[in-house]
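In UniProt numbering, the protein residues as written are 1 to 78.
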């Protein structure tokens, strides 16, 4: 894995999500200092699910979600 080899990220969670029509696998990684966490998602073997749709709609890979940790959401928002 690129992030594990290059940046020393560690896997903290793995999901194999199976739906009636589509599915995906998701691996959650964290940086050594815990300040960055990223999910790596892949379609199941069917290849025509949510991930493939995102790639087609946005012409390739990209960031689908982003989150920040803060002590006080309201003051951070303002």
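Positions of the beta carbon are idealized from the N, C-alpha and C atoms, including for glycine.
It should be emphasised that the depicted structure is a prediction, and the values quoted were computed from it without experimental measurement.
Proximity below 7 Å, CB of residue i to CB of residue j
i	j	result
residue 3	residue 29	yes
residue 51	residue 43	yes
residue 27	residue 53	no
residue 8	residue 32	yes
residue 22	residue 60	no
Endpoints, beta strand (DSSP E) assigned at residue i
i	result
residue 44	Note, residue 44: premise wrong, no beta strand (DSSP E); not H, not E.
Outcome for residue i when other beta-carbon atoms lying within 10 angstroms are tallied against a minimum of 16
i	result
residue 15	exposed
residue 34	exposed
residue 68	exposed
Where are the beta strand (DSSP E) runs, 3 residues long or more, that stay fully inside the UniProt domain "VOC" (1-78), in chain order? 10-18, 23-30 and 37-43
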